[in-house]
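Asker:
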Amino acid sequence: MCENIFHLTRAKKICKAVLACIIVPSMLIGIAGCGASSQSSKAPTQPKKEVKQIKVVSTLESWASLAREIGGNDVEVQSIISNPDTDISAFKPSSKDLQKLYSAQVVVSNGAGYDSWVAKHTSKSSEIVNAASTVGALNGDNPYLWFSKDARNEMASSICNAFSKVLPSKKKVFAKRLDAVKSQENKLDEYLSNFAKSHKKFKYASINPVLFWLMSDMGISDSAPKAYAKQVAQGDEVDKANIDEFQKLIEERKFDVLISNSQRKGDDISILTGTAGRSYTSVMWVNELMPTYATDLRKWVMKICEDIDNASKTTTDMRKDLAKQEADQKKPISEKPTVSQPDPNRSNEGQQDPGK
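In terms of this note's numbering, the sequence shown opens at residue 10 and continues consecutively.
1. How many Å lie between W72 and Q243 at the Cα?
2. In whole angstroms, give me the CA-to-CA distance for L197 and I168.
3. What is the DSSP secondary structure of Q272, counted as helix, strand or coil?
4. Keeping to the same chain, check which residues put their C-beta closer than 8 Å to that of D106; ignore five residues upstream and five downstream.
5. Which residue spans inside the region 60-87 form an unbroken alpha helix (DSSP H) run of at least 4?
6. May I ask you to report which of helix, strand or coil DSSP gives D94?
7. Three or more C-beta pairs under 8 Å: does that hold for the region 290-297 against the region 320-332?
8. Tell whether a beta-carbon distance below 8 Å holds between I268 and S321.
9. Taking the CB atoms as reference points, tell me whether K61 and E85 lie closer together than 8 Å.
10. Mapping the DSSP letters down to three states, classify E163 as helix, strand or coil.
11. Among A140, N195, D94, which one has its Cα closest to the Cα of G122?
12. Which partner residues of L267 appear in the DSSP bridge assignment?
13. Hey, is the region 220-232 in contact with the region 162-177, meaning 3+ C-beta pairs nearer than 8 Å?
14. Taking the alpha-carbon positions, what's the Y200 to N296 distance?
15. If the criterion is Cβ atoms closer than 8 Å, does the pair W222 and F156 meet it?
16. DSSP on S50, reduced to helix/strand/coil?
17. Assuming I79 and R186 form a contact by the criterion Cβ under 8 Å, report the distance between their Cβ atoms to the nearest whole angstrom.
18. Quick check on this structure: which residue in V266, T68, Q338 has the alpha carbon closest to the alpha carbon of K212?
19. Which two residues bound the contiguous beta strand (DSSP E) that contains V138?
20. S118 by DSSP, collapsed to three states: which one?
21. Which of helix, strand or coil does DSSP assign to D106?
22. Note down, in chain order, each residue of its chain lying with its Cβ closer than 8 Å to the Cβ of Q48, except the 5 sequence neighbours on either side.
23. Measuring only the C-alpha atoms, how far is I278 from A250?
24. Take the Cβ of S118 as the centre, count every other Cβ of all protein chains shown within 10 Å, and call the residue buried at 16 or more, exposed below.
25. Just how far apart, CA to CA, sit F204 and A303?
26. Relative to the C-alpha of K180, which residue among A189, D188, N170 is closest?
27. Does DSSP put D226 in a helix, in a strand, or in coil?
28. What does D231 pair with, by DSSP beta-bridge criteria?
29. Looking at C-alpha atoms only, which residue of D245, I97, S104 is the closest neighbour of K129?
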């Protein structure tokens with residue numbers, strides 16, 4: 010019996026040993042498997058590589074110039090409309106233009122109905138900076154926002170923020186450039202203030218309100234008839250009665266300078282500028298798109314102010330000359346006219362008689 014008990018005990022021990030050999034490796038495999046799974050699920054994702062240079066596409070050169078000032082060498086800026094002679098009313102972007110927009114990291118547009126084709130051709134991943142949105146302008150509002158000091162300042166800040174999102178490592182650099190731009194804007198503001206003070210009596214009228222925001226910043230109102238201005242702003246054909254009213258103001262010399270958009274054409278423009286020429290009133294042609302000579306928006310604005318000053322002086326000089334001529338014509342004759350008498354000492358000797 011003892012022998013049987015011994016064999017039974019030994020059998021149990023062998024069984025336990027075998028089970029241990031089977032269970033323990035299985036547990037180790039299971040543990041190893043969990044560990045591998047845990048490590049795989051917690052593996053860190055690869056960080057997004059920061060771009061070295063931001064790809065920026067602007068619809069207009071005016072806003073592109075501002076983007077270059079803030080971006081410096083950290084951006085590559087392209088303009089869709091870079092030719093200052095482009096007819097905006099007839100412009101249609103090419104497929105190449107639209108591809109540029111879609112691939113841009115930052116898109117800078119004007120808004121207010123000026124470049125409405127942009128909205129449908131931008132990527133969801135792009136940072137969008139829109140001038141109209143920064144100042145709350147809507148479709149139908151005056152679209153020449155680059156002439157507004159508020160729009161320029163708001164756009165500068167918005168462009169800086171967009172660049173900082175795309176290239177965070179250069180955030181301080183962008184902020185420093187923004188400060189430099191705003192410092193220059195403050196100087197321009199002072200220049201415009203002084204210009205307005207020295208031109209308190211200056212009056213102008215515009216065929217197309219291209220300088221509306223600039224003149225508003227200086228507190229100078231447009232003398233064009235309201236009915237005429239309303240039809241132009243709405244894009245309607247101007248009634249003859251409104252053109253006649255405008256002509257009368259020009260003929261009566263009610264303002265110093267007539268301002269017209271050099272990129273707009275029409276019968277009303279020809280009639281009004283022709284009337285100004287006959288009425289001793291200077292006509293100043295302004296390009297709505299940034300000209301090639303301008304390296305930045307502020308220099309362009311200052312050049313326009315210089316042109317306004319010169320045009321105003323030309324009108325003053327023309328009218329002074331006219332006033333002098335009119336005064337001379339009205340001057341009464343105070344002396345009897347002097348009739349030349351023949352000189353008795355002079356002789357006709359030596360002259361042949363034509364009758365001979």
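No residue lacks a Cβ here, since even glycine has one placed at the ideal position from N, Cα and C.
Answerer: Short version:
1. One C-alpha to the other measures close to 25 Å.
2. So the two alpha carbons sit approximately 20 Å from each other.
3. In this structure, DSSP gives Q272 a state outside helix and strand, which the three-state scheme calls coil.
4. Closer than 8 Å at Cβ, skipping near neighbours: I89.
5. Runs found: 70-80.
6. In the structure shown, D94 falls within a coil segment according to DSSP collapsed to helix, strand and coil.
7. For the pair of segments examined, the region 290-297 was found to touch the region 320-332: the number of CB pairs separated by less than 8 Å reaches three.
8. No, these two residues do not count as a Cβ contact at 8 Å.
9. 8 Å or more divides the Cβ of K61 from the Cβ of E85.
10. Three-state result, E163: helix.
11. Residue A140 is the option with its Cα nearest to G122.
12. Listed as beta-bridge partners of L267 by DSSP are A214, V292.
13. When Cβ pairs closer than 8 Å are counted between the two stretches, the region 220-232 is seen not to touch the region 162-177, the count staying below three.
14. Roughly 21 Å between the two C-alpha positions.
15. Yes, they are a contact pair.
16. Reliability fails at S50, whose pLDDT of 46 lies under 50, so the model's placement of it is uncertain and the value that follows must be treated cautiously. Helix at S50.
17. That belief holds up - the Cβ atoms of I79 and R186 are roughly 5 Å apart, short of 8 Å.
18. Considering only V266, T68, Q338, the residue with the shortest C-alpha distance to K212 is V266.
19. Run containing V138: 136-139, per the beta strand (DSSP E) assignment.
20. Judged by DSSP in its simplified three-state form, S118 adopts strand.
21. In this structure, D106 counts as helix in the three-state DSSP scheme.
22. Residue confidence is low: Q48 scores 43 on pLDDT, short of 50, so the model does not pin down where it sits. Its coordinate-derived value is still stated next. Excluding its 5 nearest sequence neighbours in each direction, Q48 has no C-beta neighbour in its own chain below 8 Å.
23. Distance between the alpha carbons of I278 and A250 is about 15 Å.
24. The residue in question, S118, is buried, as its Cβ has 16 or more Cβ neighbours within 10 Å.
25. Each residue's CA atom was taken as its position, placing F204 and A303 some 20 Å apart.
26. If we check each option's Cα against that of K180, N170 comes out closest.
27. Reduced to three states, the DSSP call for D226 is helix.
28. In the DSSP output, where bridge partners are listed per residue, D231 has Y213.
29. Of the candidates D245, I97, S104, the one whose C-alpha sits nearest the C-alpha of K129 is S104.
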